[in-house]
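So the number in this note's numbering is just where the residue sits in the sequence shown, counting from 1, plus 4. Note that beta-carbon positions come from the ideal geometry of N, C-alpha and C, so glycine has one too. Computed from a prediction, not measured in an experiment: that's the story for all the values here. A quick write-up on the structure given underneath.
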Amino acid sequence: MGDGNSRREFMYAEDLADLIFYVIPKIEFMPNMVNAGLGYDYSINDYYKIIAEEIGYTGSFSHDLTKPTGMKRKLVDISLLNKIGWSSHFELRDGIRKTYNYYLENQNK
């Protein structure tokens with residue numbers, strides 16, 4: 005909703021699984037909470053554009069400016085992940101492509 009300029013941080017599922025398996029052996033040395041994230045974000049409009057490119061959508065997007073935009077930015081602090089040496093493996097476009105391909109392969113199952 006809103007104008008599409010709000011920024012969000014989405015993590016590809018394989019990166020999250022990798023993070024969990026990376027942290028488990030170190031769990032006794034970890035604090036009570038660890039932020040799972042990438043440390044960077046994209047605007048909602050960026051997500052729209054990349055998804056459209058990946059699926060071949062050539063139409064336009066419209067925004068309902070009567071709706072609230074929500075928080076302008078949601079980005080977690082991943083300094084602890086950086087400190088322990090973890091980083092993501094998938095760029096946004098790669099995660100979207102893999103997700104879309106999975107959908108195409110499994111939509112009729």
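Q) Can you give the Cα-Cα distance for G63 and R97, rounded to whole angstroms? A) If you take the alpha carbons of G63 and R97, they lie about 19 Å apart.
**Q.** Whether D81 touches N39 by CB criterion (7 Å)
**A.** Contact flag set, yes.
**Q.** S47 (DSSP reduced to helix, strand or coil)
**A.** Residue state, collapsed to three classes: strand.
Q: Grab me the residues of Y16's own chain with a C-beta within less than 6 Å of its C-beta, minus the 5 sequence neighbours each way, in chain order.
A: Cβ neighbours of Y16 beyond the five flanking positions: F94, G99.
Q. Which residue's Cα is closest to the Cα of R77: D7, E13, G6?
A. Among D7, E13, G6, the Cα nearest to that of R77 belongs to E13.
Q: Give the secondary structure of K78 by DSSP, where H, G and I count as helix, E and B as strand, and everything else as coil.
A: In the three-state DSSP reduction, K78 falls in the strand class (E or B).
Q: Could you work out which residue in G60, Y61, I88 is closest to M34 when comparing CA atoms only?
A: Distance check between M34 and each of G60, Y61, I88 places I88 closest, using alpha-carbon atoms only.
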